[in-house]
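Numbering (this note's numbering), first residue to last: 62 to 324.
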């Protein structure tokens, strides 16, 4: 009886096993890749532009973002906009959405703590005592985000009130929809000074000229920015994965690079 020769099947080499594992890691996310729609407060839009590709690289998921004032984003969610996640600039709106059933209970957390800065494109304007300058004729137009829609605007209004300057600047306030618009007004010279997020001045690649005054934290309520999973994204794997990623060490490092604090 003729026997067929036996061939011993060798286990794959270490290099080949590593290569196969790499292929599996690359292909697995592609098979299960999901898209999530994220509504982002205007002050955090630039950070989000950096977070999205970093998240995509480690997860395979895609994020589609829309930015605006927190108040407008809240209204859009309440009116049925198909967002999966909200990154607000306050705690109130995410908590309200949770109470109203548009936010998923137990998913809300603080992802960043914002810092308010008074900024002028003039190198010398805020070099001295900023509160005195605010009330002086040198500032004919003071830009502020709409306090009813933008938490940074609300914080700016609180700071002015606690400084006793509310009445003095009332006729000179230029109200913008969000802090991004405030930055544009000051940068263009349409306003001599304006209250912006520190991230607008200190983010990677940003070094705008001018002068600034970091508003003391005791002059306004803390700007705690909360994230929440929305009802539309309850079954969205990408949305849940992104919220997990937002709490990770790499994400927190990136957030801090843009001038925010994290917990």
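In this text, a Cβ means the ideal position worked out from N, Cα and C, and glycines have one as well.
Since the model is a prediction, treat every value here as computed from it, not as a measurement.
Here DSSP, grouped into helix, strand and coil, assigns residue 295 to coil. Within its own chain, the residues whose Cβ lies closer than 6 Å to the Cβ of residue 196, once the five positions on either side in sequence are excluded, are 226, 229, listed in chain order.
When C-beta atoms of the segment 305 to 314 are compared with those of the segment 237 to 255, fewer than three pairs fall below 8 Å, so the two segments do not count as touching.
As DSSP reads the structure, residue 123 sits in a beta bridge with 96. Taking a contact to require three or more Cβ pairs closer than 8 Å, the segment 178 to 186 and the segment 260 to 277 qualify as touching.
Per DSSP, the unbroken beta strand (DSSP E) holding residue 172 starts and ends at 170 to 175. Assigned with DSSP and collapsed to three states, residue 145 falls in coil, not helix or strand. For a cut-off of 8 Å, the C-beta gap from residue 123 to residue 109 is around 13 Å, too long to register as a contact. Residues of the same chain with a CB within less than 7 Å of the CB of residue 317, apart from the 5 flanking positions on each side, are 323 in chain order. The beta carbons of residue 170 and residue 217 sit about 25 Å from each other, so the pair does not count as a contact at 8 Å.
With a threshold of 16 other beta carbon atoms within 10 Å, residue 301 meets it and is buried. By the CB criterion at 7 Å, residue 204 and residue 252 fall inside the cutoff. DSSP links residue 285 through a beta bridge to 174. Spatial neighbours of residue 233 in its own chain (CB-CB distance under 8 Å, excluding positions within 5 residues in sequence) are listed in chain order as 200, 201, 202, 203. Looking at the DSSP output, residue 273 sits in a beta bridge with 180. Of the residues 117, 132, 97, 119, the one whose Cα lies closest to the Cα of residue 103 is 132. In the structure shown, residue 200 adopts coil according to DSSP, grouped into three states. The three-state secondary structure of residue 164, taken from DSSP, is strand. Considering only 237, 264, 141, 266, the residue with the shortest C-alpha distance to residue 254 is 237. Here the segment 261 to 271 does not lie against the segment 151 to 163, with fewer than 3 beta-carbon pairs under 8 Å apart.
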